[in-house]
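J.: Plus 712 on top of the position in the sequence shown (first one is 1) and you've got my numbering. A virtual CB, placed ideally from N, CA and C, is assigned to each residue, including glycine.
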Amino acid sequence: MDQQPADSAYHRTLPIGERLSSRPLVDDRFSCFEEVTLKALEPMLVPEAPRAGEVDRSECGHCRPSEHTIWHDDLWQVRSGFTPFGLPFVGGIAPREHVLLDDAPLDLLATLGPLLQRVSNAVKAVPGVARTHLARWGDGSEHFHLWALARPAGMMQGRGAMLAFWDDVLPPLPDDLREQHLGIVAEALAAGGGTPFPGRD
Ligand SMILES: [Zn+2]
Numbered sequence: 713m714d715q716q717p718a719d720s721a722y723h724r725t726l727p728i729g730e731r732l733s734s735r736p737l738v739d740d741r742f743s744c745f746e747e748v749t750l751k752a753l754e755p756m757l758v759p760e761a762p763r764a765g766e767v768d769r770s771e772c773g774h775c776r777p778s779e780h781t782i783w784h785d786d787l788w789q790v791r792s793g794f795t796p797f798g799l800p801f802v803g804g805i806a807p808r809e810h811v812l813l814d815d816a817p818l819d820l821l822a823t824l825g826p827l828l829q830r831v832s833n834a835v836k837a838v839p840g841v842a843r844t845h846l847a848r849w850g851d852g853s854e855h856f857h858l859w860a861l862a863r864p865a866g867m868m869q870g871r872g873a874m875l876a877f878w879d880d881v882l883p884p885l886p887d888d889l890r891e892q893h894l895g896i897v898a899e900a901l902a903a904g905g906g907t908p909f910p911g912r913d
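1) Report yes or no: do three or more beta-carbon pairs, one from the region 715 to 729 and one from the region 755 to 769, lie closer than 8 Å?
2) Based on Cα-Cα distance, which residue from 848, 747, 843, 766 lies nearest to residue 865?
3) Going by beta-carbon coordinates alone, are residue 797 and residue 888 separated by less than 7 Å?
4) Take every Cβ of the region 808 to 817, pair it with every Cβ of the region 827 to 838, and state whether three or more of those distances are shorter than 8 Å.
5) Return the CA-CA distance between residue 876 and residue 884, expressed in angstroms with no decimal places.
6) Kindly examine ligand 1 and report whether one of its heavy atoms sits closer than 6 Å to the Cβ of residue 765.
7) Where DSSP assigns a beta bridge to residue 803, which residues make up the other side?
8) Please confirm whether residue 899 and residue 908 have their CB atoms less than 7 Å apart.
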């Protein structure tokens, strides 16, 4: 792919190639780091490599049925357990249909607010969970999706963006406890409509 450095008024302000001070990451009041070494700021090249599902929608994982779907209804699906997690629950929320946030039908998006309330409450039904974090990045798959992460009760080091880092380093949930948590979230969601574990017999 023929890439060029991205150029904008913003990009022209950036110290590309420099290693920046990581002090703000340590000093942040939510920080879980005692010490961080940043990589040098890499050149920002465009066009970017296509995201999953962008070139060939038949390759889109969100569009294919999955054994990891813990709940779905006609419009939305929640998946979890496709990778190990160290938090009490980590799951992905996505429309059943391949849409982008940029141009998703408004009647679909109008149902997202109530769904986020349901997901938040379902995740908090897991024992030991204080709060449900919701995130939308959109850098991996083109298919619109959000993440739900369970912040353990009392884990002040897991506030804000720190929680995702902790998920990478905490010991993976034992299989039986993970299954139990998936079941609690799936059943809590299904109590408001839809089907728990549609991919299981
Ligand atoms: Zn898709």
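T.: Well, looking at it:
1) yes
2) As a position in the sequence shown, residue 865 is number 153, starting the count at 1. The candidate whose alpha carbon is nearest that of residue 865 is 843.
3) The sequence position of residue 797 within the sequence shown is 85, counting from 1. The sequence position of residue 888 within the sequence shown is 176, counting from 1. Result no, Cβ atoms of residue 797 and residue 888 do not sit closer than 7 Å.
4) no
5) Here the question's residue 876 lines up with position 164 in the sequence shown. Here the question's residue 884 lines up with position 172 in the sequence shown. Each residue's alpha carbon lies about 13 Å from the other.
6) Working through the sequence shown from its first residue, we reach residue 765 at position 53. Residue 765: yes, Cβ under 6 Å from ligand 1.
7) Position 91 of the sequence shown holds residue 803. Partner(s): 792, 860.
8) If you number the sequence shown from 1, residue 899 lands on position 187. If you number the sequence shown from 1, residue 908 lands on position 196. Taking 7 Å as the Cβ cut-off, residue 899 and residue 908 qualify as a contacting pair.
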